Ligand code: LHQ
């Protein structure tokens, strides 16, 4: 039953996950968050998947938590425990950051609240010109979750992170690109082609090497320089033991394009 909330398809080594509750702007109920977690777990366990593309059905990317679920109408039963709800998101964000394969967001419309921060937890964010990002939490008395207080200051600096989260202003995709919040803003009609092409390209690259880059970048958020240098040495040894490293060097010497297998 929960599969309907997140559509899945694999093509050319790319797993596409489409959040699919368009009538409520893909706002997240608990089954949808569970289906997203399942999708990322499936990507981790499948050698045939070498990149993940995350997008939304209809006119929105994701409007964050389904507010009707956490504050149910009178007579619709008890509200779920907020700690449990946030715990479900936390497991999702960790699954995304710990997946050692590139995750690309194709932000097709508004990304608000948890939806904005799920996008920012992706490795590369491509957004349509018509898309926007809103740290909507403070408007309803909440604080940014889904890693927003972690990712935003690192992406845009503390001054902007403070204004974005306290004022909850809508940021256009163009502004988001200019402030370094996302990788790229593209014409709306080009979004899916651009993001799919990027994901397909990444799925042909040295997957283990890309995964180790992600591990190193994740660690850089908290490591000091000495620890990070030690980690780079360790991960470089691991990357240097892969078949794709050997293929990359061989192809360079033979002056031909490399053929990477992801191993
Ligand atoms: C929605 C939603 C929505 C339900 C649009 N829920 N129906 C964690 C743990 C625990 C507690 C709570 O939260 C969290 C994390 C969070 O994510 S908190 C932040 C939650 N999100 C928001 O506060 C954003 C709420 N939505 C909006 O502000 C607007 O809908 C935006 C700016 C996203 C889009 O505005 P419009 O383009 O004008 O669309 P709309 O407001 O007309 O929405 C279309 C429909 O979608 C509408 O339903 P209707 O039956 O009237 O057509 C909305 O009620 C529904 N919808 N967001 N989060």
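Numbering (the working numbering), first residue to last: 0 to 262. Glycine residues also receive a C-beta, built at the ideal position from the N, C-alpha and C atoms. Here the structure is a predicted model, which means the values were calculated and not measured.
Check                                                                                                              : Outcome
Straight-line Cα distance separating residue 120 from residue 137                                                  : 20 Å
beta-carbon residue 67 near ligand 1 non-hydrogen atom, thresh 6 Å                                                 : yes
Any beta strand (DSSP E) of 3 or more consecutive residues that is wholly inside the region 78-114                 : 102-106 and 109-111
7 Å Cβ cutoff, residue 249 in contact with chain C                                                                 : Protein chains in the displayed structure number just one, and chain C is not present.
Under 7 Å between C-beta atoms of residue 193 and residue 125                                                      : yes
Runs of alpha helix (DSSP H) lying entirely within the region 135-173, each at least 4 residues, in chain order    : 147-155 and 157-166
Coarse secondary structure for residue 183, derived from DSSP in three states                                      : strand
Cβ neighbour criterion (16 or more within 10 Å) applied to residue 47                                              : exposed
Length of the line joining the Cα atoms of residue 14 and residue 58                                               : 21 Å
The region 163-175 contacting the region 198-215, beta-carbon criterion three pairs below 8 Å                      : no
Outcome for residue 144 when other beta-carbon atoms lying within 10 angstroms are tallied against a minimum of 16 : buried
For residue 251, the three-state DSSP class (helix, strand or coil)                                                : helix
Member of 52, 39 and 62 whose CA lies at the smallest distance from the CA of residue 21                           : 62
Nearest-angstrom beta carbon gap, residue 68 and residue 79 [assumed within contact, 8 Å]                          : 7 Å
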